[in-house]
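Working notes, structure below.
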Amino acid sequence: SIPLGYFGGIGAASANGILFKGSNYLDLITKVNTVVLDKTGTLTQGVFKVKEIQAEIPEQEFLAYLASLESQSTHPIAKAVVAHANLKELLRVEEVKEIAGHGLKATVNGATIMAGNGKLLRQSEIAYPEDLDKKVETTVLLAVNGKYAGFVSIADEIKPDAKQAILALHAAGVDQIVMLSGDKTAITQKVADELGVDQAHGDLLPEGKVEKLESIKKDASRVVAFVGDGINDAPVLALSDVGMAMGALGSDVAIETADVVIQNDMPSKIAVAIQIGRATKKIVY
Ligand code: ADP
Ligand code: MG
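In UniProt numbering, the protein residues as written are 319 to 603.
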């Protein structure tokens, strides 16, 4: 039987917009000493805006290919590109493949189109300007029929409470805070430095995130919470001791896989959840 205090704790958490999917997590979260966070959509808004376009083909054509292809994806990057292009009519898109951590491939109006990061183009041995990999901005590269056709750079903003969220976790005794991202290492490190995160790893594929979590968990003294929002985060959410998902803009798969859901997507609620767990424990007997 579950002590009555836990129902009180679950209620208190719920009043704070934090949904615990079981009283065992309310107990387990009190022991968390490592917090691993996804960057995009967890510490940053996950709402991108297009900042710059450099097209090697007529810009209208570039945007028509790019936005028609991205209209097939629900990725936050895709949404930004589609909103910016604001096409009246989409081109005919066939045989779409979304490649996790890379981008998209399809046939668009009969042409072979790719949109994604440098990794995606390199896989097909398509050359692009070298300095794009060094840009401290998220970039989407477009290739048309095996040839580089230009890029858009897009930017995202750090959530207003993200820095406070990291401070509060350190204050609560979490002594290892790690950020993982599929985004470029340069951007990942910049955000980590700004927020005071202890360690950061970028350029990770979904399986790379799993490997990082497994290596942290090898140390038996580590009780690990993972906080994420994306489809790609589901495997790491499942693997962590306490999986936490962003409930407002987070993907359905992340929300379903998580043990705890933060309804308003504010990272400062992670420390609040730990504090509610601890307060609940005190009144359980
Ligand atoms: P994150 O860990 O930041 O949530 P993802 O694993 O979802 O990132 O994506 C990693 C990278 O893959 C992105 O930064 C982007 O370069 C590329 N990517 C993924 N999906 C798309 C897409 N639909 N369009 C363009 N690029 C994409
Ligand atoms: Mg994400």
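Heads up, the beta-carbon is just placed ideally off N, CA and C, and yes, glycines get one too. Computed from a prediction, not measured in an experiment: that's the story for all the values here.
Contact test: residue i Cβ vs the ligand MN heavy atom, cutoff 6 Å
i: Ile476; result: Among the ligands modelled here, namely the ligand ADP and the ligand MG, the ligand MN does not occur.
Cα-Cα separation between residue i and residue j, rounded to whole angstroms
i: Ile375; j: Ala461; result: 11 Å
i: Glu475; j: Asn463; result: 33 Å
i: Ala331; j: Ile534; result: 28 Å
i: Val400; j: Val470; result: 12 Å
i: Ala490; j: Gln593; result: 8 Å
i: Gly561; j: Glu377; result: 43 Å
i: Met584; j: Gly364; result: 12 Å
i: Gly329; j: Asp493; result: 28 Å
i: Asp479; j: His402; result: 27 Å
i: Phe325; j: Ile347; result: 15 Å
i: Asp547; j: Ala473; result: 18 Å
i: residue 691; j: Gly340; result: Because the chain spans 319 through 603 in this model, residue 691 falls outside it and cannot be assessed.
i: Glu448; j: Thr358; result: 24 Å
i: Ala518; j: Asp511; result: 9 Å
i: Tyr383; j: Lys397; result: 14 Å
i: Ile371; j: Val426; result: 20 Å
i: Asp551; j: Gln441; result: 23 Å
i: Ala538; j: Glu529; result: 16 Å
i: Lys367; j: Pro394; result: 10 Å
i: Ala543; j: Lys477; result: 20 Å
Three-state secondary structure assigned by DSSP to residue i
i: Leu471; result: According to the sequence as given, residue 471 is Ser; it is not Leu. Correct three-state label for Ser471: strand.
i: Lys600; result: helix
i: Asn351; result: coil
i: Gly436; result: helix
i: Asp356; result: strand
i: Lys406; result: coil
i: Ile417; result: strand
i: Thr392; result: coil
i: Tyr466; result: strand
i: Gly565; result: coil
i: Phe338; result: strand
i: Lys481; result: helix
i: Phe544; result: strand
i: Leu498; result: strand
i: Gln517; result: strand
i: Val365; result: coil
i: Glu443; result: coil
i: residue 606; result: In the structure as shown, the chain starts at 319 and stops at 603, and residue 606 therefore has no counterpart that could be examined.
i: Ala424; result: strand
i: Ile505; result: helix
Residues near residue i by beta carbon distance below 6 Å, same chain, minus five either side
i: Gly436; result: Asp451
i: Gly335; result: Gln581 and Asn582
i: Ala563; result: Ala572, Ile573, Ala576 and Val579
i: Ala373; result: Phe380 and Gly468
i: Ile549; result: Ser569 and Val571
i: Ala385; result: Val399, Val400, Ala403 and Leu405
i: Leu337; result: Val579
i: His420; result: Gly434, Lys437 and Leu438
i: residue 281; result: For residue 281 there is no data in the structure shown, the boundaries of the chain being 319 and 603.
i: Ala333; result: none
i: Leu513; result: Ala480, Lys481 and Ile484
Contact check, residue i vs residue j, beta carbons under 7 Å
i: Val554; j: Leu522; result: no
i: Ile495; j: Val509; result: no
i: Gly526; j: Thr506; result: no
i: Ser586; j: Ala483; result: yes
i: Glu416; j: Ser391; result: yes
i: Ala486; j: Ala591; result: no
i: residue 275; j: Leu387; result: Outside the displayed span of the chain (319 to 603) sits residue 275, for which this structure offers no information.
i: Leu344; j: Thr503; result: no
i: Val545; j: Thr362; result: no
i: Ala418; j: Pro524; result: yes
Cutoff 8 Å; reference residue i; Cβ partners in own chain excluding five residues on either side
i: Ile444; result: Met432, Ala461, Gly464, Lys465 and Tyr466
i: Arg540; result: Asn351, Thr352, Gln494 and Ile534
i: Ser319; result: With a pLDDT of only 46 at Ser319, under 50, the local geometry of the prediction cannot be trusted, and the value read off the model is given with reservation. The answer is none, since no qualifying residue turns up.
Close beta carbons around residue i, own chain, < 7 Å, minus the five adjacent residues each side
i: Ala566; result: Gln581, Asn582 and Asp583
i: Asp501; result: Lys357, Thr358, Thr456 and Gly520
i: Ala556; result: Thr575
- Query: Contact between the segment 404-416 and the segment 424-438: three or more CB pairs below 8 Å?
  - Reply: Taking 8 Å as the limit for Cβ pairs, the verdict is that the segment 424-438 does touch the segment 404-416.
- Are three or more beta carbon pairs between the segment 440-454 and the segment 345-358 nearer than 8 Å? no
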